[in-house]
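The sequence shown begins at 16 in this note's numbering and counts up one residue at a time.
C-beta: ideal position from N, C-alpha, C; glycine also.
What follows is a short report on a single structure.
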Amino acid sequence: MSRDSLPQLQSLVFFESAARLLNFTAAAEELGTTQPAVSHRVRKMEESLGIPLFRRLHRGVVLTDEGQRMYETVRDSLEAIRLTTRQVSATRRHETLTLITDFGFAKFWLMPRLPALKARLPGLELRILTSQSEFDPRKDKADLAILFGPGTGEGGESTLLFRERVVPVCSPALLERHGPLGGAEDLYGLPLLHLEGDEPGRWLEWDDWFRAQGLDGRNTLPKLGFNDYSLVIQAALAGQGVALGWAPLVDDLLADGQLVAAVNRPVRTDRGYQLVRPAHKRLAGAGLRFHDWIVGECGSRLPA
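Quick look at the structure:
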């Protein structure tokens, strides 16, 4: 039999049901159709093959030897199709996306929004890797990255999500003990919490903030340093000092009063959080949907 003379898939489905149940009426009920429709499909299949598949009895039907062979092949083939269909469908529903970001963004911005992301993209399996290092799109094995800096280097394309805006923050209790603080100079002598990094100048530091206020920050009291921004904020929440608070990471904490602005003198720069995608990877599927979701959440627009 040539490829073109293969029975239609629907005819094979009708035949499999009738052969398994040995009853055309029961097969019709299972398939949601009528007994004449099943009988017609089976008869057309028999005419196409040139052999009878059933012996019609007074009460019901039985398979011929050829019909039994045909049934076993069709049954196994349809089951293989069903299994593969389920596997392909499951793969499509559960796509994995690997995202690199820093500790602060993951904890203070992304984690609170994961329920909204799951509701929007229920089939997405997000794998989050945290790092304070720069993202190299040519080497790092990730679909996307959200990291802080001036933009992407060679091999990547970026979209600015948030521009850098920094204000000193502390706990209400610390401000009550040492306040009110009228100006930047009032921070001299207070414990300052510092985010350390291997790349100086990548983000605003205390010296930069003081200079932006027209002051010298190099002779302040020793700072308490951490290499994880979540620890910096945890120390601020515990009243251990004043931290530089980056928007939007501290926005929720300021909104609910867990932190307050120690001195409301924000400093803005041209740096910020960038959504970086490797140029050699075509953005599609889960990556594209996550990309569109987070750009929309941040109120940005994709570049033309």
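Spatial distance of residue i from residue j (CA atoms)
i, j, result
"D285", "R178", "6 Å"
"A42", "R84", "19 Å"
"F118", "G198", "30 Å"
"L78", "R71", "9 Å"
"L264", "G229", "26 Å"
"L268", "L274", "6 Å"
"R101", "E140", "18 Å"
"R192", "Q147", "33 Å"
"L46", "R304", "37 Å"
"D158", "I66", "56 Å"
"V310", "L246", "27 Å"
"R297", "L136", "19 Å"
"R280", "A258", "13 Å"
"G194", "E211", "27 Å"
"H306", "L98", "32 Å"
"K156", "E87", "46 Å"
"P130", "A270", "20 Å"
Beta-bridge pairing of residue i - partner residues as DSSP gives them
i, result
"W261", "V181"
"V275", "C185"
"I161", "T116 and L290"
"S54", "DSSP output for S54 lists no bridge partner at all."
"S173", "V291"
"H306", "BP columns for H306 are empty, so no partner."
"L207", "V257"
"L239", "L208"
Chain-order list of residues whose beta-carbon lies under 8 Å from that of residue i (same chain, five-residue window excluded)
i, result
"R142", "T111, L112, T113 and L114"
"L125", "T116, I143 and I161"
"P318", "Only weak support is given to the placement of P318: the predicted model assigns it a pLDDT of 37, under 50, and the value that follows is read from those uncertain coordinates. Around P318: T174."
"D239", "In the sequence as displayed, the identity of residue 239 is Leu instead of Asp. Contacts found: P206, L207, L208, H209, A250, Q255 and G256."
"V89", "L27, F30, E31 and A34"
"W308", "L132, R135 and L136"
"G300", "E110"
"L252", "S186, L268, Q273 and L274"
Residues near residue i in its chain [Cβ-Cβ closer than 6 Å; skip 5 each side]
i, result
"G254", "S186, A188 and L189"
"L196", "A277 and V278"
"R260", "A quick correction: the sequence has Gly, not Arg, at residue 260. Hits under 6 Å: V182 and V184."
"F123", "L264"
"F163", "W218 and Y288"
"T49", "A43"
"A262", "R180"
"N242", "E211"
"E81", "I66"
Selected residue, minimal CA-CA separation from residue i, among the options
i, options, result
"C313", "L239, W218, E191 and R128", "R128"
"Y244", "L132, D223 and L219", "L219"
"V282", "V310, W224 and P293", "W224"
"R226", "V247, E200, L208 and L207", "E200"
"V53", "F39, G65, E62 and I66", "F39"
"G75", "S63, L64, P206 and R35", "R35"
Beta-carbon contacts of residue i that lie in its chain and below 7 Å, excluding the five residues immediately before and after
i, result
"P403", "Summary: the structure shown does not reach residue 403, with the chain confined to residues 16 through 319, and so no result is reported for it."
"L37", "G75, V76 and V77"
"A121", "I143 and T145"
CB contact check: residue i to chain C, cutoff 7 Å
i, result
"T99", "Among the chains of the structure shown, chain C does not appear; only one protein chain is present."
Between the region 109 to 122 and the region 58 to 65, are three or more C-beta pairs nearer than 8 Å? No: the two stretches stay apart, fewer than three of their Cβ pairs being nearer than 8 Å.
Could you tell me whether the region 88 to 98 touches the region 27 to 37, where touching means 3 or more Cβ pairs closer than 8 Å? Yes, they touch.
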